[in-house]
Every structure is written in C-alpha cells, then in structure tokens.
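This report concerns only the one structure given below.
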Amino acid sequence: MIKGFRGTSLIDYPGKIALVIFTYLCNFRCPYCYNVDLVLPERVSKLPDISEDQIMEELKRRKGFIKGVVITGGEPTIWGKKLINLIERIYYEIGLPVKLDTNGSNPEMVKTLLERGIVDFFAVDFKTSPRRYDEVRGDFRDVEKTFDLLKRVPEKVEIRITFYPPLVSERDLEEMLPYLKNFKFIAFQKYIPGKNLNRKNVEPYSRDFYKWAKDFFKSHLPQAEIIERF
Numbered sequence: 003m004i005k006g007f008r009g010t011s012l013i014d015y016p017g018k019i020a021l022v023i024f025t026y027l028c029n030f031r032c033p034y035c036y037n038v039d040l041v042l043p044e045r046v047s048k049l050p051d052i053s054e055d056q057i058m059e060e061l062k063r064r065k066g067f068i069k070g071v072v073i074t075g076g077e078p079t080i081w082g083k084k085l086i087n088l089i090e091r092i093y094y095e096i097g098l099p100v101k102l103d104t105n106g107s108n109p110e111m112v113k114t115l116l117e118r119g120i121v122d123f124f125a126v127d128f129k130t131s132p133r134r135y136d137e138v139r140g141d142f143r144d145v146e147k148t149f150d151l152l153k154r155v156p157e158k159v160e161i162r163i164t165f166y167p168p169l170v171s172e173r174d175l176e177e178m179l180p181y182l183k184n185f186k187f188i189a190f191q192k193y194i195p196g197k198n199l200n201r202k203n204v205e206p207y208s209r210d211f212y213k214w215a216k217d218f219f220k221s222h223l224p225q226a227e228i229i230e231r232f
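Residue 3 is where the sequence shown starts when you use our numbering, and the numbers rise one by one after that.
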C-alpha cells in the first residue's frame with residue numbers, strides 16, 4: 003500500500019509540521035497529475051514497498067518534532083481496511099492527528115472514517131464541473147455523496163481546485179460553485195506543466211484569471227476562505 007514518505011513537510015497539513023505518506027494506485031486519471039510513478043501500474047512496480055512498521059518506527063523517531071501525518075497518493079481510499087488499520091495505528095499508537103487527501107470517490111470509506119473519528123482533516127480535490135467527471139474517469143455522484151458527508155464538519159475540510167485550463171474554465175467554475183456553499187476552506191492550486199500524466203504542453207492560466215476566480219468565489223461564497231497556492 004505504501005510506496006514512499008516525506009519525513010518533514012511544512013505545507014501539506016495546514017498549521018502543522020507533518021510526515022507525508024504516499025500510497026500507490028488511483029482510480030482516476032487526471033491529465034495534470036504529477037505523481038505518475040504512484041498512479042501507473044507499470045511505474046509503481048519499480049518502486050520499493052514500505053511497511054507499516056517502517057512508518058511507525060519513523061513516526062516514533064520523529065514524534066517530538068512532527069505534529070501531524072498526511073496520507074496522500076495515488077488515491078488512499080481504494081485500500082479499504084488496510085487504510086483504516088494504518089490510520090488507527092497512527093492515531094492510537096503514535097497519538098498524532100491524521101489528514102487524508104482524497105478525490106472523494108469513496109463516500110463509504112469517508113463515512114466510516116468520520117464515524118470512527120480517526121481523521122482530523124480531509125482535503126478533497128474537486129476536479130472539474132460535475133458534467134465532465136468522466137474525463138478523469140470519475141463518477142461525480144460518488145463525489146457529491148462525499149461532499150454531503152463532509153459538509154457536516156466544514157471546519158475539518160479543505161476543497162482543492164487545480165486550475166488546469168482544459169478542465170477548469172469559467173463555465174466549469176460556475177457549475178462547481180453550488181457544491182461549495184457549505185465549506186469554509188477552498189484552495190486554489192496552480193497547474194504546473196512538466197512531468198504530468200498528460201505530456202502535452204498546456205499553458206497555465208495568467209494571474210488575471212486567478213483574480214477573476216477569487217473575486218467570483220468571494221462574491222458568491224462569503225463564508226469561505228480562499229487559499230491561494232500559486
């Protein structure tokens with residue numbers, strides 16, 4: 003399940019110094035994804051496996067310094083009970099809060115994690131307009147169920163939008179807007195060309211587009227804090 007970790011991160015868990023765990027495989031295919039080695043099976047096989055026990059030892063060693071753990075991917079929720087077991091070990095054995103990054107495609111897993119109270123923060127990637135989710139091999143009906151679950155704990159949720167021009171236009175943002183009205187934290191993330199799943203050269207948006215998007219969201223979502231990661 004685990005193919006890597008980053009011992010120290012200052013940016014992946016809001017307000018905390020964190021250790022980041024990378025799970026492998028993903029049920030989506032987002033063209034701007036930069037974690038290609040964790041997504042494509044033929045690339046994953048070249049990476050060494052890392053055991054839960056290795057992660058536990060690393061966390062124990064760093065516990066006085068690390069204040070949280072991020073589990074990202076790939077898509078962590080596809081690992082089901084294995085993911086739950088890992089989170090429970092971190093939560094109960096190490097005593098550190100856990101942040102989970104997800105594409106929102108597994109509402110049943112999110113429901114279980116909420117009921118058990120073992121995830122302190124969720125980051126959900128909102129890929130594009132609901133009508134276009136098939137373009138990333140997703141089903142928005144599942145993501146919508148995840149949103150419905152998480153809107154009950156808005157203080158524990160960040161919705162992230164990566165501004166990849168072919169998937170996030172003005173029209174797309176307008177269609178995404180109604181699903182964001184219950185959330186407090188919305189992160190704008192810049193698409194960075196490079197070693198992505200789609201190797202085509204796509205020009206990122208200008209600062210003017212980000213400004214328009216921020217003004218548009220603030221005018222319709224006064225409750226939300228817009229976090230800019232450019």
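Ideal Cβ positions, reconstructed from N, Cα and C, are used throughout, including at glycine.
query, result
"Endpoints, the beta strand (DSSP E) within which R162 is located", "159-165"
"L1, DSSP secondary structure in three states", "Here the chain has residues from 3 to 232 only, and residue 1 is not among them."
"Beta-carbon gap between Y15 and K197 smaller than 9 Å", "no"
"Complete runs of the alpha helix (DSSP H) confined to the region 99-150 [at least 4 residues]", "109-118"
"Cβ neighbours of V38 in the same chain (closer than 8 Å, five flanking residues each side left out)", "R45, K197, N198, L199"
"Beta-carbon spacing of M58, I86 below 9 Å", "no"
"Beta-bridge pairing of Q191 - partner residues as DSSP gives them", "T164, R231"
"Buried or exposed by the 16-neighbour rule on C-beta atoms within 10 Å, applied to D217", "exposed"
"Element boundaries [beta strand (DSSP E), containing Y15]", "4-15"
"F24 - partner residues in DSSP beta bridges", "G6, T74"
"CA nearest to the CA of K186, picked from I4, T164, I229", "I229"
"Three-way DSSP call (helix, strand, coil) for I86 in this model", "helix"
"Reduced DSSP category for I80 - H, G, I as helix; E, B as strand; rest coil", "helix"
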